[in-house]
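For the sequence shown, our numbering assigns the number 13 to the initial residue and increments by one for each residue that follows.
Comments concern the structure below.
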Amino acid sequence: MNDHHGSSATEDEYRDWDASYVLGALPADQRLEYEQHLSGCADCRAAVAELAGLPGIVGRLSVEDALAISASDDGDDAPPSMVTLPAIAHRVRTHRRRRRLVTSLAVAAAVTASVFGGVALGTGIAGAPVASEATLEPMDPIAADPALAADIQVEGKPWGTRLEWSCTYSGDAPADAEYELVITRTDGSTTTVATWTAAGKRAVDLAASTGIARSEITGVDIRVRGTNSPLVRTDT
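Structure representation (structure tokens):
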């Protein structure tokens, strides 16, 4: 993967942008550029769809577990803290060829956790803002006292659906509460696409992706992890 410091990438460079795109790490101009490329490249659309669940897996790993996976995978002397986001796509592609996809994603999650230090996608702490032009809409409160307010955008993509959201926690919210972002499909089934831990008063620039088509999603809600009771919800 490249560092993405310029625009107008070559075809070979686009092949390395999938993980950064799914994780919301591309600058806004390159994100738009890559989306234009996706509309005409079936191979890149397939690569993005394959990584669509990565943010949710990242959210389920502790930083310690992620770094342990990263260290054991390489078997070299490089400290995990030196692993950078550009290594994600390389790791995933290497493991696609020799292991099941779940193993590939676990390795990618380890790299991501070492880059973000468990911030934003990993814990929901407001870290460095991710460049985005998303327009977020308020989610409707469902619980009598939801202890949080949230805004979200649900955006259909050629490969599935991308979700971006931010949360503000009230004084009644537990300081270390764990939350889930859950989508409801047209058949009534639910899928958790992201998890994070509350820290501070806000969590901003959160993002997740899923291979489920936008047309198959009837609603998105936030709930305390491990419960079936939505706190806030958006019907789509």
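Glycine included, C-beta positions come from ideal geometry on N, C-alpha and C.
Just so it is clear, the structure is predicted and the values come from calculations on it, not from any experiment.
DSSP-derived helix/strand/coil call for residue i
i, result
"residue 50", "helix"
"residue 247", "strand"
"residue 29", "coil"
"residue 89", "With a pLDDT of only 48 at residue 89, under the threshold of 50, the placement of this residue in the model should not be trusted; the figure read from the coordinates follows. Note: residue 89 maps to coil in three-state DSSP."
"residue 227", "helix"
Identity of the residues DSSP links to residue i by a beta bridge
i, result
"residue 177", "164 and 218"
"residue 150", "163"
"residue 195", "203 and 232"
"residue 169", "172"
"residue 242", "235"
"residue 45", "Paired residue(s): none; residue 45 is not in a bridge."
"residue 190", "209"
Expected contact under 8 Å - CB spacing of residue i and residue j to nearest Å
i, j, result
"residue 166", "residue 175", "6 Å"
"residue 163", "residue 150", "5 Å"
"residue 171", "residue 57", "5 Å"
"residue 234", "residue 248", "At roughly 14 Å, the Cβ-Cβ gap does not stay under 8 Å, so residue 234 and residue 248 are not in contact."
"residue 231", "residue 196", "4 Å"
Reference residue i, options the options, closest by Cα
i, options, result
"residue 205", "169, 43 and 219", "219"
"residue 156", "207, 209, 32 and 242", "242"
"residue 221", "211, 198, 237 and 194", "194"
Per-residue burial, residue i [other beta carbons within 10 Å of its own, 16 or more giving buried]
i, result
"residue 38", "buried"
"residue 213", "exposed"
"residue 48", "exposed"
"residue 187", "exposed"
"residue 32", "buried"
"residue 227", "exposed"
"residue 209", "buried"
"residue 30", "buried"
Chain C within 8 Å of residue i, Cβ atoms only
i, result
"residue 157", "This model lacks chain C altogether; it includes just one protein chain."
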